[in-house]
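Number of protein chains: 2
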Amino acid sequence: MSALVPAESDVLVIGAGVIGLSIAWRAAQQGLSVVVADPLPGHGATHAAAGMLTPIAEAAYAEREIFALGRDSLRRYPGFIEELHQVTGLPTGFRQAGTLQVAYDSDDMAMLAETRVLQESFGVHLEQLTARECREAEPMLDPSVRGGLLATGDGAVDPRLLVVALQRAAERAGARLTRQSVIEVTCAGGRVTGARLADDSVIAASWIVLAAGWESAAIAGLPAGTVPPVRPVKGQIIRLRTSAAAERSGLPPGLLRRTVRGVVRGSSVYLVPRDSGELVVGATQEELGPDTTVTAGGIWELLRDARTLVPGVTELLLTDVVAGLRPGTPDNAPLLGPSSLPGLVLATGHFRAGVLLAPVTADTVSAYLRTGIPDPIWQAFGADRFTARGSGLREASGRREPQEAATCR
Amino acid sequence: MSALVPAESDVLVIGAGVIGLSIAWRAAQQGLSVVVADPLPGHGATHAAAGMLTPIAEAAYAEREIFALGRDSLRRYPGFIEELHQVTGLPTGFRQAGTLQVAYDSDDMAMLAETRVLQESFGVHLEQLTARECREAEPMLDPSVRGGLLATGDGAVDPRLLVVALQRAAERAGARLTRQSVIEVTCAGGRVTGARLADDSVIAASWIVLAAGWESAAIAGLPAGTVPPVRPVKGQIIRLRTSAAAERSGLPPGLLRRTVRGVVRGSSVYLVPRDSGELVVGATQEELGPDTTVTAGGIWELLRDARTLVPGVTELLLTDVVAGLRPGTPDNAPLLGPSSLPGLVLATGHFRAGVLLAPVTADTVSAYLRTGIPDPIWQAFGADRFTARGSGLREASGRREPQEAATCR
Numbered sequence: 135m136s137a138l139v140p141a142e143s144d145v146l147v148i149g150a151g152v153i154g155l156s157i158a159w160r161a162a163q164q165g166l167s168v169v170v171a172d173p174l175p176g177h178g179a180t181h182a183a184a185g186m187l188t189p190i191a192e193a194a195y196a197e198r199e200i201f202a203l204g205r206d207s208l209r210r211y212p213g214f215i216e217e218l219h220q221v222t223g224l225p226t227g228f229r230q231a232g233t234l235q236v237a238y239d240s241d242d243m244a245m246l247a248e249t250r251v252l253q254e255s256f257g258v259h260l261e262q263l264t265a266r267e268c269r270e271a272e273p274m275l276d277p278s279v280r281g282g283l284l285a286t287g288d289g290a291v292d293p294r295l296l297v298v299a300l301q302r303a304a305e306r307a308g309a310r311l312t313r314q315s316v317i318e319v320t321c322a323g324g325r326v327t328g329a330r331l332a333d334d335s336v337i338a339a340s341w342i343v344l345a346a347g348w349e350s351a352a353i354a355g356l357p358a359g360t361v362p363p364v365r366p367v368k369g370q371i372i373r374l375r376t377s378a379a380a381e382r383s384g385l386p387p388g389l390l391r392r393t394v395r396g397v398v399r400g401s402s403v404y405l406v407p408r409d410s411g412e413l414v415v416g417a418t419q420e421e422l423g424p425d426t427t428v429t430a431g432g433i434w435e436l437l438r439d440a441r442t443l444v445p446g447v448t449e450l451l452l453t454d455v456v457a458g459l460r461p462g463t464p465d466n467a468p469l470l471g472p473s474s475l476p477g478l479v480l481a482t483g484h485f486r487a488g489v490l491l492a493p494v495t496a497d498t499v500s501a502y503l504r505t506g507i508p509d510p511i512w513q514a515f516g517a518d519r520f521t522a523r524g525s526g527l528r529e530a531s532g533r534r535e536p537q538e539a540a541t542c543r
Numbered sequence: 135m136s137a138l139v140p141a142e143s144d145v146l147v148i149g150a151g152v153i154g155l156s157i158a159w160r161a162a163q164q165g166l167s168v169v170v171a172d173p174l175p176g177h178g179a180t181h182a183a184a185g186m187l188t189p190i191a192e193a194a195y196a197e198r199e200i201f202a203l204g205r206d207s208l209r210r211y212p213g214f215i216e217e218l219h220q221v222t223g224l225p226t227g228f229r230q231a232g233t234l235q236v237a238y239d240s241d242d243m244a245m246l247a248e249t250r251v252l253q254e255s256f257g258v259h260l261e262q263l264t265a266r267e268c269r270e271a272e273p274m275l276d277p278s279v280r281g282g283l284l285a286t287g288d289g290a291v292d293p294r295l296l297v298v299a300l301q302r303a304a305e306r307a308g309a310r311l312t313r314q315s316v317i318e319v320t321c322a323g324g325r326v327t328g329a330r331l332a333d334d335s336v337i338a339a340s341w342i343v344l345a346a347g348w349e350s351a352a353i354a355g356l357p358a359g360t361v362p363p364v365r366p367v368k369g370q371i372i373r374l375r376t377s378a379a380a381e382r383s384g385l386p387p388g389l390l391r392r393t394v395r396g397v398v399r400g401s402s403v404y405l406v407p408r409d410s411g412e413l414v415v416g417a418t419q420e421e422l423g424p425d426t427t428v429t430a431g432g433i434w435e436l437l438r439d440a441r442t443l444v445p446g447v448t449e450l451l452l453t454d455v456v457a458g459l460r461p462g463t464p465d466n467a468p469l470l471g472p473s474s475l476p477g478l479v480l481a482t483g484h485f486r487a488g489v490l491l492a493p494v495t496a497d498t499v500s501a502y503l504r505t506g507i508p509d510p511i512w513q514a515f516g517a518d519r520f521t522a523r524g525s526g527l528r529e530a531s532g533r534r535e536p537q538e539a540a541t542c543r
């Protein structure tokens, strides 16, 4: 009986999304014995994600620190993908074709100018494009587009392919995947000892990495003060596809050459093309609790805004509509590093940037598991930042208020 | 080997959509031995159909005759459904709550007035509603709706439920379903003898009823002049659903009490509510050959028009998007009755009205199979009407020109 003779491992990663699997891979590469627990690997927020690798897109939320973290992770991406491909031979849809941020009317132009000021204050140079230059860069853009900003270093990846490759790489490196929910974290002597799974079996582990996205808060056994203040932020997203006929006529796969982002009369939309011919259009941002329904209104707004910027999308095939739940935090920046419960490491709350932040999260968390030394880059993202501010957690998530120090039961 | 010892039956019905299964049921009830062949029963045009029972909606296409046929079929519906329910105990989603046709602007009001004149010339009385009366009848209508016409006798049925019940009823009455495509119709001595199926087996039959929708023209072995001039007319359609929360708040299932049809700035849309909470929004009408792709533009237009008439649809869950192929004919009226090949009976080309016309088609075709006497109601719908007009068939369908008399090979 596994419940009587618990399986032993160095690290139990809770959650097999892009974050959990990246950590499992890196940790296993370093010789740690790793188990990843998830009833449906890759089917949380990762499954809905578009896969944009655009650090500046997140900067509006948590400013300089999160931009720096995103830029650091973007720099790691080519090597991360190259190594993943060498190990697995599997595709990930990675490409680094840049992002074109466009403005549709004069209000949008003003917003674009503000973005540029912000970005330059971060030391990033962006090319400013005229209307004509925008259309030269992306011939499918609506003629009404007024101008744009081109970030040449940005990239994109296909998250659904990426998790398949990550799972393969993690398993090749020796990590073991168990397709079960973690019901409860267990601890003894003031430190985590492992976890109990849905089938009542127990996994003994020296470290637990909590990477279960918005569901990270739902796991039992976490002492007050260690429950991460994450909430689900719903995003509806559409997948379109260019037809074979369109591609024969010379249109680029997915209609565009690079990611296009824009604000259409105050409403944000992005379009991410892939070599496969897929064009991902996202995303709504809704605070409705754990609701993953796809609504007529959500899909209508995405199609409306996408066709305003790129009228040709009306000709594309509609292949998928889905809603996912991003893990939001009170300041929408991630929770990275040790918690107040020894042995419990947080890697959650990545909100809209989980795919972008996977390499930096995996590298730093796996190093910490080996050395016990927190990475300085985590400074702005510690779990204690909400505790220190007092009631922020309670207000933001409605969960129990954290205490100064965690105590095991 | 079934190819050597052919199965014998009185009637082979090609196609297990709402038309083919209705005929099979009625024919089997009369003591005929019936086989229905279809690789995917109920998955052609029937699967996409909304199930409106609104005779006047089709009148614009083929005028008085098709309206009379539709009204005749609508009168048969309550008995047809009652009998089906008695035999099978299965639900069909039938209800007779009427249709409200609404106008959104002054052009639409003018069109509504024309519709009223046409309908009254057919001897139909419709209630004319003011804007206020429209909103009293359907509180979820947009306040901009200018007025409407209420047809109290119209109904609706759920075609996906209906085919399940029809298949059960046909089988209970003794019909046999074979899940195979018919490859070729065979004949000898100037009359049909049966058909060859995809597995190369042969079904011997005295009568063949061609009820395969737009695919009726693709079956081999039909002599020139008997190939029905049907073409696929694509329709994209959306299924929405009210949430449990919405229904608890007192909204009717599917938001509306009855079918609402309207023209929004020249674009037609209809919304069909069901007791299950489903609201069907349709439909595009596209001449693209056998293309069943769902496009961003098609879905966007349906959502745009639906929310213009009934803004609350944006809150509904999007549960299904699908494209079907209606069997259109050169005049978009059905092809009913004997062809010039003895033993071959046509029951196809029902275009947008297959669900509405199922009872009258089934009753008259099954009577003909028993008596050999064509129903007078078929007069305007004979297969020979295109032959008589000369080149109409060739122009409309691009198929080979029919000859005066069919000869078997």
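Heads up: the sequence lines are chains X and A, in that order. Each number in the numbering used here comes from the position in the first sequence (counting from 1) with 134 added on. Each number in the numbering used here comes from the position in the second sequence (counting from 1) with 134 added on. All residues carry an ideal CB built from backbone N, CA and C; glycine is no exception.
Separation of residue j from residue i, as counted between CA atoms
i, j, result
"D509 (chain X)", "F201 (chain X)", "17 Å"
"P476 (chain X)", "A440 (chain A)", "56 Å"
"R399 (chain A)", "S240 (chain A)", "10 Å"
"F228 (chain A)", "V147 (chain A)", "25 Å"
"A430 (chain A)", "A182 (chain X)", "18 Å"
"V364 (chain X)", "A158 (chain X)", "21 Å"
"F515 (chain A)", "P366 (chain X)", "58 Å"
"A196 (chain A)", "P464 (chain A)", "With a pLDDT of 49 at A196 (chain A), under the threshold of 50, the modelled position of that residue is not reliable, and no figure is offered here."
"A345 (chain X)", "I317 (chain X)", "14 Å"
"L263 (chain X)", "G287 (chain X)", "16 Å"
"V499 (chain X)", "P493 (chain X)", "10 Å"
"L527 (chain A)", "W348 (chain A)", "Since pLDDT at L527 (chain A) reaches only 39, below the 50 mark, its modelled position is unreliable, and the value read off the structure follows with that caveat. So the two alpha carbons sit approximately 15 Å from each other."
"E142 (chain A)", "G384 (chain A)", "56 Å"
"W341 (chain X)", "D497 (chain X)", "16 Å"
"A354 (chain X)", "R250 (chain X)", "45 Å"
"L275 (chain X)", "V414 (chain X)", "16 Å"
Where residue i falls: helix, strand or coil (DSSP)
i, result
"A290 (chain A)", "strand"
"R330 (chain X)", "strand"
"Y211 (chain A)", "helix"
"S401 (chain X)", "strand"
"E94 (chain X)", "The question about residue 94 (chain X) has no answer, for chain X in this structure spans 135 to 543."
"A196 (chain X)", "Any reading at A196 (chain X) needs caution, since the residue's pLDDT is 49, under 50, leaving its predicted position unreliable; the model's value is listed next. Note: A196 (chain X) maps to helix in three-state DSSP."
"L356 (chain A)", "coil"
"I317 (chain X)", "strand"
Reference residue i; option with closest CA among the options
i, options, result
"G289 (chain X)", "X:I511, X:G223, X:E435, X:R395", "X:R395"
"G257 (chain X)", "X:R266, X:P189, X:M274", "X:P189"
"A329 (chain X)", "X:T521, X:V145, X:Q301", "X:V145"
"G458 (chain X)", "X:G308, X:A247, X:R205, X:H177", "X:H177"
"A487 (chain X)", "X:A231, X:L208, X:A354", "X:L208"
Neighbourhood of residue i by C-beta, 7 Å cutoff - its chain only, sequence neighbours within 5 removed
i, result
"T360 (chain X)", "S473, S474, L475, L478, A540"
"H484 (chain X)", "I153, P461, P468, L491"
"T448 (chain X)", "R441"
"A265 (chain X)", "V279, R280, G281"
Close-in-space but distant-in-sequence residues of the same chain around residue i (CB under 6 Å, 5 per side omitted)
i, result
"D454 (chain A)", "R373"
"A150 (chain X)", "V170, D172, P175"
"T393 (chain A)", "M186, T233, A290, V406"
"E261 (chain X)", "L284"
Proximity test, residue i beta-carbon vs the ligand MG heavy atom, cut-off 7 Å
i, result
"G431 (chain X)", "Judged by which ligands are present, the structure shown has none, so any question about the ligand MG falls away."
In DSSP terms, what residue i is bridged to
i, result
"R325 (chain A)", "A:A322"
"W341 (chain A)", "A:V145"
"A457 (chain X)", "X:Q370"
"R365 (chain X)", "X:G462"
"G282 (chain X)", "X:V236, X:L263"
"T312 (chain X)", "X:A171"
"P407 (chain A)", "A:L413"
"A481 (chain X)", "X:L470"
Check distances from the C-beta atoms of the stretch 445-456 of chain A to those of chain B and list, in chain order, the residues that come in under 7 Å.
In the structure shown, chain B does not exist; the protein chains are X and A.
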